[in-house]
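Report on the structure given below.
In structure tokens, the structure reads:
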């Protein structure tokens, strides 16, 4: 089982460049989300989605855009990268309702982004 | 919003020792998980435990939802247990936000 797949695993950008972090899941999960983790810190929610066409902001949404055109994919876009966005980014997904593990969150392996 | 606090923030153990990590939350929840972030940064699911007790090998977890806390027990610790342990709850506000604690950083010495 692939689970949650993130690409790329590593990326270096220059200030002002744009890029998209890809996230795909093959578990038919309704819920998908993006977190960032700064060194020595916990996880902070950037954006999340409860289904195709539905997205909402988390704690730290500024500088990031998302869309959810399919159940499987939830890309995170940085429109104009800044050094403050240097971080490790995690995508996660879960079911929302039904089943014995309803709501159990599963993570991808992370994407390490450096903005120079 | 709901607050999630973990203790202790840091823990150093000798291999073979036992430990208890605690997660307190400020509101009623029906969804709680424990994760282990290994030294390579991977987040590994340990337990999905909104209530009751579960065991998996040397690890076990107990959640007492009515008293708003969960405990993670590690017995006979090994160096591979090192890393950061996070608990996370689903916000009861209906906004589908998972709130993470700040973590317990565990180092197990050989």
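Residue numbers (my numbering), protein chains in the order written: chain X, 43 to 158; chain C, 18 to 127.
For each residue, glycine too, the CB sits at the ideal point set by N, CA and C.
All of these numbers come straight from a predicted model, not from anything done at the bench.
In the three-state reduction of the DSSP assignment, residue 82 of chain C falls in the helix class, which pools H, G and I.
Shown in chain order are the members of the stretch 50-70 of chain C whose Cβ falls below 7 Å from a Cβ of chain X: 50, 58, 59, 60, 62 and 65. Of the residues X:80, X:82 and X:104, the one whose Cα lies closest to the Cα of residue 89 of chain X is X:104. In the structure shown, residue 27 of chain C falls within a strand segment according to DSSP collapsed to helix, strand and coil. The way I'd put it, the stretch 41-56 of chain C does touch the stretch 18-30 of chain C; three or more beta-carbon pairs between them come closer than 8 Å. Beyond the five residues adjoining it in sequence on each side, residue 60 of chain X comes within less than 8 Å, by CB distance, of 119, 120, 121, 122 and 123 in the same chain, given in chain order.
Annotated as proximal: residue 51 of chain C and residue 102 of chain C, with beta-carbon spacing under 8 Å. Comparing alpha-carbon positions, the option among X:49, X:115 and X:53 lying closest to residue 128 of chain X turns out to be X:53. Leaving aside the five residues that flank residue 130 of chain X on each side, the residues in its chain whose CB is nearer than 6 Å to its CB run, in chain order, 79, 152 and 154.
Using a C-beta cut-off of 8 Å, the stretch 60-70 of chain X makes contact with the stretch 105-114 of chain X, since at least three inter-stretch Cβ pairs fall below that distance. By the Cβ neighbour-count rule, residue 108 of chain X is buried, with 16 or more other Cβ atoms within 10 Å of its own.
Neighbours of residue 117 of chain C in chain X, taken as residues whose beta carbon is under 7 Å from its own, are 84 and 85 in chain order.
Contact note: residue 35 of chain C does not reach chain X at a C-beta cutoff of 7 Å; the least C-beta distance is about 25 Å.
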